[in-house]
Amino acid sequence: MDGRGSLAGLLPFGDANDIVLQMANEVLPVVKGVPVLAGVCATDPFRRMEYFLRQLETIGFCGVQNFPTVGLFDGNFRHNLEETGMGYNMEVEMISMAHRMGFLTTPYAFNPDEAAAMAKAGAHIIVAHMGLTTAGSIRAMTAATLDDSVLCVQAIADAAFGVKLISLFSITEFLMFPRELQLLGESVKLMKLVEAVAKGTINNETLGYFT
């Protein structure tokens with residue numbers, strides 16, 4: 006978010022959805038041949054989501070992701086958001102709507118239940134969110150261990166695959182440490198999926214590696 010930490014998008018520093026529209030004017034005119042996705046705050050009580058998604062489509066975005074997301078909140082505050090109509094289910098509904106409109110949908114899921122809900126909503130790619138990045142100039146110092154992340158990603162994948170086949174991106178560290186890759190399955194299989202996603206050549210044969 007303009008050089009600030011990504012959590013700034015979760016706090017009342019600006020209209021997240023309006024900022025996306027502003028950034029579109031900076032990004033879309035100069036990006037050629039690369040699909041651009043919009044981060045959508047689906048819990049925005051001041052947006053009619055169907056009209057907002059159509060606005061994103063008209064501008065030139067080809068996909069959406071549920072960010073800012075209430076999935077990064079927990080405790081009583083998270084419960085209160087869910088109880089007052091600003092919960093994760095609104096993000097699921099947004100992804101479902103975007104899928105029907107023809108957008109590429111790549112939602113964040115933080116646990117198995119959310120992954121299953123997003124898969125049922127028609128998500129094309131479910132991103133298992135393991136917390137803030139711990140590298141770069143703006144990084145978190147508190148993070149789950151890599152071993153714990155492997156177990157969490159596997160649980161999210163199992164829940165999503167229980168609904169239907171999806172493609173699941175790995176977090177960066179999995180591509181760096183072969184030992185952790187083995188915990189998810191044969192590294193060759195995962196690399197074939199990542200390569201297929203990058204080339205846009207996902208097919209039944211590719212997904213068959215994970216059945």
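Add 5 to a position in the sequence shown, counting from 1, and you land on the number used in the numbering used here. Idealized CB from N, CA, C, for every residue including glycine. Model, not experiment: these values are computed from the prediction.
- Query: Counting Cβ pairs closer than 8 Å, one from the segment 127-136 and one from the segment 81-89, do we hit at least three?
  - Reply: no
- Message: Within the continuous alpha helix (DSSP H) that includes L156, where are the two ends?
- Response: L151 to F166
- Query: What residue range is occupied by the uninterrupted alpha helix (DSSP H) comprising A124?
  - Reply: P117 to K125
- Message: If distances are taken between C-alpha atoms only, which option among V168, A133, F166 and T89 comes closest to N153?
- Response: First, the residue type needs correcting, since residue 153 is Asp and not Asn in the sequence shown. Nearest of V168, A133, F166 and T89 to D153, Cα basis: A133.
- Query: Which of the three DSSP states, helix, strand or coil, is assigned to I130?
  - Reply: Strand at I130.
- Task: Tell me whether Y113 is buried or exposed, calling it buried when 16 or more other Cβ atoms sit within 10 Å of its Cβ.
- Result: buried
- What residues are listed by DSSP as bridge partners for L109? G68
- Task: Could you tell me how far apart the beta carbons of C46 and A21 are, in whole angstroms, since I believe they sit closer than 8 Å?
- Result: In this structure C46 touches A21 by the C-beta definition: roughly 4 Å separates them, less than 8 Å.
- Query: In terms of residues, what are the limits of the alpha helix (DSSP H) holding A21?
  - Reply: A21 to V32
- Item | Three-way DSSP call (helix, strand, coil) for G239 in this model | Look at the range of the chain in this structure, 6 to 216, and you will see that residue 239 is not part of it.
- Between A162, T110, V32 and P40, which lies nearest to F72 when the distance is taken from Cα to Cα? The residue with the shortest Cα to Cα distance from F72 is T110.
- Can you tell me where the beta strand (DSSP E) with G44 in it begins and where it stops? In the DSSP assignment, G44 falls within the unbroken beta strand (DSSP E) covering L42 to G44.
- Query: How many angstroms separate the CA atom of F18 from the CA atom of G92?
  - Reply: 20 Å
- Starting from the C-beta of A43, find all residues in its chain whose C-beta is less than 6 Å away, skip the five residues before and the five after it, and write them out in chain order. V25, L61, F66 and V69
- Grouping DSSP H, G and I as helix and E and B as strand, with all else coil, what is A47? coil
- Query: Could you give the distance in angstroms between the alpha-carbon of M135 and the alpha-carbon of V36?
  - Reply: It is roughly 28 Å from the alpha-carbon of M135 to the alpha-carbon of V36.
- Item | Given N94 as reference, the closest of V168, K125 and R105 once Cα atoms are compared | K125
- Just to confirm, are L33 and A103 a CB contact at a threshold of 7 Å? No; because the gap between Cβ atoms is not below 7 Å, this pair is not in contact.
- When you compare each of T89, A160 and Q27 to I64 by their alpha carbons, which one comes out closest? Nearest C-alpha to I64: Q27.
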